[in-house]
Amino acid sequence: MTSSSAGLYSRIEALVTASARILIVFSGFLLISAILITCSSITGRALTSVGLSAIPGDYELVEILCGLAVFAFMPYCQLSRGHISVDLFIQGLGPKAMAWTQLLGDVVMTGLVTVMAWRHFAGTLDKHAYGETSFILQIPVWWSYAVAMVLLALFWLTSLFTVWRDIVALRTGSFDDHSASGGEHA
Numbered sequence: 006m007t008s009s010s011a012g013l014y015s016r017i018e019a020l021v022t023a024s025a026r027i028l029i030v031f032s033g034f035l036l037i038s039a040i041l042i043t044c045s046s047i048t049g050r051a052l053t054s055v056g057l058s059a060i061p062g063d064y065e066l067v068e069i070l071c072g073l074a075v076f077a078f079m080p081y082c083q084l085s086r087g088h089i090s091v092d093l094f095i096q097g098l099g100p101k102a103m104a105w106t107q108l109l110g111d112v113v114m115t116g117l118v119t120v121m122a123w124r125h126f127a128g129t130l131d132k133h134a135y136g137e138t139s140f141i142l143q144i145p146v147w148w149s150y151a152v153a154m155v156l157l158a159l160f161w162l163t164s165l166f167t168v169w170r171d172i173v174a175l176r177t178g179s180f181d182d183h184s185a186s187g188g189e190h191a
């Protein structure tokens, strides 16, 4: 890589890594919120004798929060190679073969995320057009779909970056595990 392309690569890598880390914290916040809602609602149900009650729409809120949490942690999972992989046979062929299979896996993942984003976008438009709302709280369903669409777009960008990262690794011969701490390239 030339020094200018290496500089661009480093800046994009830093941006993608920082974004993925921010999203993983956001995902944790969403899951903790879901836990607190669930615990509060269970406590309220258990203490109806003293005037407490369950949180109305608790299932709806937990469903939304957990769904968004999954979308929020996917970029970090992709960046850190946290997806399931079976590489028992490839490991014996050496690091270059492993790098090629990682590239293939990242290209396939990018394709899958592209299809997911395309169909999710269509679903978001449908939910908006039909005005679908949650049953109890009457929250417009398209709101969470729209947030998930943004998270899917970030997942897609991260997937594109991992393909670029793999190509750089193959071109430079710098094979490593590309952990989320920011795999470095020569």
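Just so you know, the sequence shown maps onto residues 6 to 191 in this note's numbering. Even glycine gets a Cβ: it sits at the ideal position worked out from N, Cα and C.
Residue i: first and last residue of the uninterrupted alpha helix (DSSP H) it sits in
{"i": "residue 164", "result": "146–177"}
For residue i, three-class secondary structure by DSSP
{"i": "residue 138", "result": "strand"}
{"i": "residue 7", "result": "coil"}
{"i": "residue 126", "result": "helix"}
{"i": "residue 107", "result": "helix"}
{"i": "residue 31", "result": "helix"}
Cβ-based burial, residue i [other Cβ within 10 Å; buried from 16]
{"i": "residue 19", "result": "exposed"}
{"i": "residue 88", "result": "exposed"}
{"i": "residue 21", "result": "buried"}
{"i": "residue 177", "result": "exposed"}
{"i": "residue 60", "result": "buried"}
{"i": "residue 9", "result": "exposed"}
### Query
Could you give the uninterrupted runs of the alpha helix (DSSP H) lying entirely in the segment 52–99, keeping only those of 4 residues or more?
For the segment 52–99, the full-length alpha helix (DSSP H) segments reaching 4 residues or more read 63–84 and 93–96 along the chain.
### Query
For the segment 78–86 against the segment 162–173, are there 3 or more C-beta pairs whose distance is under 8 Å?
Of all C-beta pairs linking the segment 78–86 to the segment 162–173, three or more are shorter than 8 Å, placing the two stretches in contact.
### Message
With three or more C-beta pairs closer than 8 Å as the rule, is the segment 69–78 touching the segment 99–114?
### Response
Taking 8 Å as the limit for Cβ pairs, the verdict is that the segment 69–78 does not touch the segment 99–114.
### Message
Quick test of the definition: if touching needs 3 or more C-beta pairs under 8 Å, does the segment 141–151 touch the segment 51–66?
### Response
Yes: at least three Cβ pairs fall under 8 Å.
### Message
Does the segment 25–43 come into contact with the segment 170–177, if we say contact requires no fewer than three beta-carbon pairs (one atom in each stretch) closer than 8 Å?
### Response
The way I'd put it, the segment 25–43 doesn't touch the segment 170–177; fewer than three beta-carbon pairs between them come closer than 8 Å.
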